[in-house]
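**Student:** Straight run, no breaks: the sequence shown in this note's numbering ends on number 202. A virtual CB, placed ideally from N, CA and C, is assigned to each residue, including glycine.
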Amino acid sequence: MKLEPILTEKSLEEAKKGKYSFWIDKGLTKSKIRKTIGDVFGVTVKKVRTVNFAQEIKKTYLGRKKIIKPRKKAIVTLAEKEKIDLFETKK
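1) What does the Cβ neighbour count give for residue 133, buried or exposed, with the cut at 16 atoms within 10 Å?
2) For the alpha helix (DSSP H) containing residue 146, name the first residue and the last one.
3) Leaving aside the five residues before and after residue 137 along the sequence, list all residues of the same chain whose C-beta is less than 6 angstroms from its C-beta, in chain order.
4) Which of the three DSSP states is assigned to residue 115 in this structure?
5) Can you look up residue 173 in the DSSP assignment and give me helix, strand or coil?
6) Beta-carbon within less than 8 angstroms of residue 164's beta-carbon, same chain only, minus the 5 sequence neighbours each way: which residues are those?
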């Protein structure tokens with residue numbers, strides 16, 4: 112099972128508000144995502160939103176085609192005063 116955190120500027124800003132982003136397997140449902148993240152990180156998941164990304168074909172600068180595989184993103188909202196340490200940044 113794939114559960115890969117998204118660590119970009121935007122996702123780290125959202126993490127400060129309690130919303131954490133992950134790349135996940137396309138076959139996972141919201142209830143399975145809720146259970147998996149709760150078990151792995153030991154937190155209470157309040158809400159799960161998912162976004163499906165379709166397969167894309169992009170051209171490189173040499174004119175070759177590059178296929179970007181379809182994928183799924185989960186945005187998880189945690190209960191108040193709960194955090195995932197992986198998304199914490201140092202000042």
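**Tutor:** From the atom records:
1) buried
2) 141-152
3) 183
4) strand
5) coil
6) 181, 182, 183 and 184
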